[in-house]
Amino acid sequence: MSEQAATPAPTAAARPAEKAESLLLRHVAAFFESPLAVVGLAGLVLLVAAALAAPLIAPQDPYDLAQLDIMDGTLPPGAESLAGYTYWLGTDEQGRDMLSAILYGLRISLGVGAVSVVIACAVGASIGVLAAYAGGRIDSLVMRVVDLQLSFPAILVALVLLAVFGRGVDKVIIALVIVQWAYYARTVRGSALVERRRDYIEAARCLALPKSRIVFRHLLPNCLPPLIVVATVQVAHAIALESTLSFLGVGVPVTEPSLGMLIANGYDYLLSGKYWISTFPGIALVAAIVAINLVGDRLRDVLNPRLSR
Amino acid sequence: MSQTQSPAAGDDVLLSVRNLSKHFPTANGVVKAVEDVSFDVRRGHIVGIVGESGSGKTTAGRCILRLVEPSEGEAIFDGVDLFKLSQKALRAYRRRMQIIFQDPYSSLNPRMRVGDIIGEAIDTHRLAKGAARQARIAELLTRVGLSPEHARRYPHEFSGGQRQRIGIARALAVEPELIVADEPVSALDVSVQAQVLNLVQELQKELGLTMLFISHDLTVVEYLCDDIVVLYLGRVMEQGPAREVYANPRHPYTRALLSTAPIPDPTVRRERVILQGDIPSPLDPPSGCVFRTRCPFAIDACATTVPPRETVSPGHTVACIRQAELASLDIRKVSA
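Those sequence lines, one after another, are chains A and B. So for the first sequence, my numbering puts the first residue at 512; every next one is plus one. So for the second sequence, my numbering puts the first residue at 1268; every next one is plus one.
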């Protein structure tokens, strides 16, 4: 036995270190193999950084009425203000610098998208994994609710909810969570049903581990890869949805303009040739969504061995 | 706690399984995966459950541990019927019975470190804390032939044999009395099988473990077990002391199984009992004796009578209506 004990040890000691590293490194390396994904990631990092740094880098605080001058209203891109600085992307009808408004709008849009996804993901994943573990009637019931939820167009449900709730960033987030949790519940349940049948779950039951521990410590962590992919793509959906709602006038309040609201503000001026008020926020919105989708698509390829290799 | 004394359970019997049945309702009918299986496991002994794939041996093992809920029967463990315990009362017994799995790749949580996998067992049953816990993990890893540093690693960093050792360490962490080993070596390379089997045997002797060893490999069972139970389509064909069953197999199915095992002696010739076809569908098992469709000695009566259990020597029972007349044929040992 002493012989056997000695032999596996050195091989194990030599191999694991590099193998452990390579697992994460392999994923990272695979991610960077795609130039498109790298562009997406770079764009996303840039947009997030710009949104976070908005108060520092924006030429103007679009919320500070004292800084606005109504005389600067609807100036074209490149025009100079009365105070002497340049509006690179023009101004809206209230004399707001569009560049500053976009930077601040990105904060709202990305923030709402990220927060709603995190909450929806936590809620949906918990429900999904519990349904899968419980099985039977509870599982069927939860999944029928999910089907019901997914059978309605998200925008319709969100419109109804906001009509009831009223406007507000928090209310938009709640509405987004309600229309999105079902995606996560379904995704997690699917992988949890597979994982549940594995022996390590039996082993955990045989050790009399508490159910909560089996579900959240054993089952859920093993269902994460597909969840990460869905969550990434859903951030883009959430942003688009929030912008749509704000464009329709039921989303964020006027005092906290998101990109969608900026587009709505400029909509009236499009036909009078003042394209910049809607167009530039629109470009920013498209850039954010495309960047997130590029990253999400690549993550899916990397984390799903059946698709990638 | 409900206490059910089994009349059959002697002092040295740790586990007494009586009339265990497990029926799975399916869309096409009821599958009788395990039907009326009874056996005793004496303290410190190893009982082997043998059978082909689909014979219900794994289901039987899991029923005893209540990982699968049994349909009927009882399992008297140290005087208490495990099948009657509530989930809450069962918790206390979980510590006393553990399982070793067949597939070392699915039996370890890939997202937990080895130390946490073993430590979790210790924590749940509050067996040790802090430094004592770490020492215990190190001790367990050393005991199964790994090194204490391995506690920091993840399962995917180990080979199949090493993973099986980790699984064994996890089972031992709660100091169980009974271990159900569900084909613990059949997923491993042949070269590693012997190492793990030796480990299992050593641990069993040193710790005085009682074991239920499930396997399809008769040579392994012969080498390891004190008693054996031969299952076919969920029914017991033959059971008894291993030495006796190997030396004097009475059931045609046992004979067929034994004749597939190679004998490392070229001068010995034995008549082979070769089985035709596959194990029948458990959805629609043959009438009478379930083995009759593949039995080379089947007669018309086999289709009508469910063979009763006949005792051929102390502790050795056979379920075959022709066992007495076949015994005189002596089909197993024909030397050249």
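All C-beta atoms, glycine included, are put in the ideal place defined by N, C-alpha and C.
**Report entry** Neighbourhood of A:ARG607 by C-beta, 8 Å cutoff - its chain only, sequence neighbours within 5 removed
**Finding:** GLN571, PRO573, LEU579
Requested in this report: Would you please verify whether the beta carbon of B:ASN1286 is less than 8 Å from any beta carbon of chain A?
Outcome: No, because no Cβ of chain A sits closer than 8 Å to the Cβ of B:ASN1286.
Query - A:ASP681 classed as buried or exposed, judged by whether at least 16 other C-beta atoms fall within 10 angstroms - result: exposed
Query raised in the report: Going by the C-beta, is A:THR602 closer than 7 Å to any heavy atom of the ligand SAH?
Result: Within the structure as shown, the ligand SAH is missing, as the structure has no ligands at all.
Requested in this report: For A:CYS717, return the contacting residues in chain B, with the cut-off set at a CB-CB distance below 8 Å.
Outcome: Within 8 Å Cβ-Cβ: LEU1332, LEU1334, ARG1361, MET1364, GLN1365, ILE1366.
**Report entry** Where the beta strand (DSSP E) through B:ILE1446 begins and ends
**Finding:** B:ILE1446: member of the beta strand (DSSP E) spanning 1445–1449, first to last residue.
Report task. Taking C-beta pairs closer than 7 Å, name the residues in chain B that A:ASP710 reaches, listed in chain order. Result -> PHE1368, ASP1370, SER1373, SER1374
Query - Proximal chain B residues relative to A:HIS729, where beta-carbon distance stays under 7 Å - result: ASN1376
Query raised in the report: Going by the beta-carbon positions, is the gap between B:PRO1553 and B:THR1560 smaller than 8 Å?
Result: Cβ atoms of B:PRO1553 and B:THR1560: closer than 8 Å.
Query raised in the report: Relative to chain A, which residues along the region 1287–1310 of chain B have a C-beta separation below 9 Å, given in chain order?
Result: none
**Report entry** Every unbroken beta strand (DSSP E) inside the region 1286–1332 of chain B [3 residues or more]
**Finding:** 1296–1309, 1313–1317
Query raised in the report: Who are the Cβ neighbours of A:ALA693 in its own chain at under 7 Å, not counting the five residues just before and after it?
Result: GLY635, VAL657, GLN660, LEU661
Query - Contact set for A:SER757: own chain, Cβ-Cβ below 7 Å, skip 5 residues either direction - result: VAL763, SER769, GLY771, MET772, ALA775
Query raised in the report: Can you list, in chain order, the residues of the region 1430–1442 of chain B whose Cβ is nearer than 7 Å to any Cβ on chain A?
Result: ARG1437, VAL1441
Query - Exposure of B:ASP1551, with buried meaning 16 or more beta-carbon neighbours within 10 Å - result: Here B:ASP1551 is exposed, its C-beta having fewer than 16 other C-beta atoms within 10 Å.
Query raised in the report: Counting pairs of beta carbons, one from the region 577–595 of chain A and one from the region 704–716 of chain A, are three or more of them closer than 8 Å?
Result: no
Query raised in the report: From the beta carbon of B:ALA1454, is the nearest beta carbon of chain A less than 8 Å away?
Result: no
Query raised in the report: Which residues in chain B sit within 9 Å of A:ASN804, going by Cβ to Cβ distance?
Result: Neighbours of A:ASN804 on chain B: none; closest Cβ ~28 Å, over 9 Å.
Query raised in the report: Is the region 1384–1403 of chain B close to the region 1451–1459 of chain B, with three or more CB pairs under 8 Å?
Result: no
Query raised in the report: Counting only beta-carbon atoms, is A:PRO737 nearer than 8 Å to chain B?
Result: no
Query - Per-residue burial, B:ARG1329 [other beta carbons within 10 Å of its own, 16 or more giving buried] - result: Around the beta carbon of B:ARG1329, 16 or more other beta carbons lie within 10 angstroms, which makes this residue buried.
Query raised in the report: Are A:GLN691 and A:ALA633 touching if we call contact CB-CB under 8 Å?
Result: no
Query raised in the report: Should B:GLU1666 be flagged as near chain A, meaning a C-beta pair shorter than 8 Å?
Result: As shown, chain B starts at 1268 and ends at 1603. That puts residue 1666 of chain B outside it, with no answer to give.
Query raised in the report: What residue ranges within the region 1431–1487 of chain B form continuous beta strand (DSSP E) runs of no fewer than 3 residues, ordered along the chain?
Result: 1445–1449, 1477–1482
Query raised in the report: Thinking C-beta only, is A:LEU687 closer than 8 Å to A:ALA669?
Result: yes
Query raised in the report: Name the DSSP beta bridge partners of B:THR1578, please?
Result: B:THR1584
Query - Nearest neighbour of B:GLY1412, chosen from B:ALA1356, B:ARG1362, B:ILE1366, B:LEU1470 [CA to CA] - result: Closest by alpha carbon: B:LEU1470.
Report task. Under 8 Å by Cβ, that's how I've got B:ASP1304 and B:VAL1317 pegged, so tell me the actual separation to the nearest angstrom. Result -> The residue you asked about is not Asp; residue 1304 of chain B is Val in the sequence shown. Rounded, the Cβ-Cβ distance is 13 Å, inconsistent with contact.
Query - Interface flag, A:LEU536 vs chain B, CB-CB below 8 Å - result: no
Query raised in the report: Could you give the distance in angstroms between the alpha-carbon of A:VAL759 and the alpha-carbon of A:PHE676?
Result: The amino acid at residue 759 of chain A is misidentified as Val; the sequence shows Leu. One C-alpha to the other measures close to 15 Å.
Query - Proximity test, Cβ basis, 8 Å: B:ARG1358 and chain A - result: yes
Query raised in the report: With a cut-off of 8 Å, does the C-beta of B:GLU1387 fall near any C-beta of chain A?
Result: yes
Query - Distance between A:ARG678 and B:MET1379 (C-alpha atoms, nearest Å) - result: 44 Å
Query raised in the report: So, using beta-carbon positions, are B:LEU1407 and B:SER1414 closer together than 8 Å?
Result: no
Report task. May I have the straight-line CA-CA distance separating B:LYS1324 from B:ILE1481, to the nearest angstrom? Result -> 7 Å
Query raised in the report: Whole-angstrom Cβ separation of B:HIS1583 and B:VAL1488, contact assumed at under 8 Å?
Result: Not quite, the Cβ-Cβ distance comes to about 15 Å (not below 8 Å), so this is no contact.
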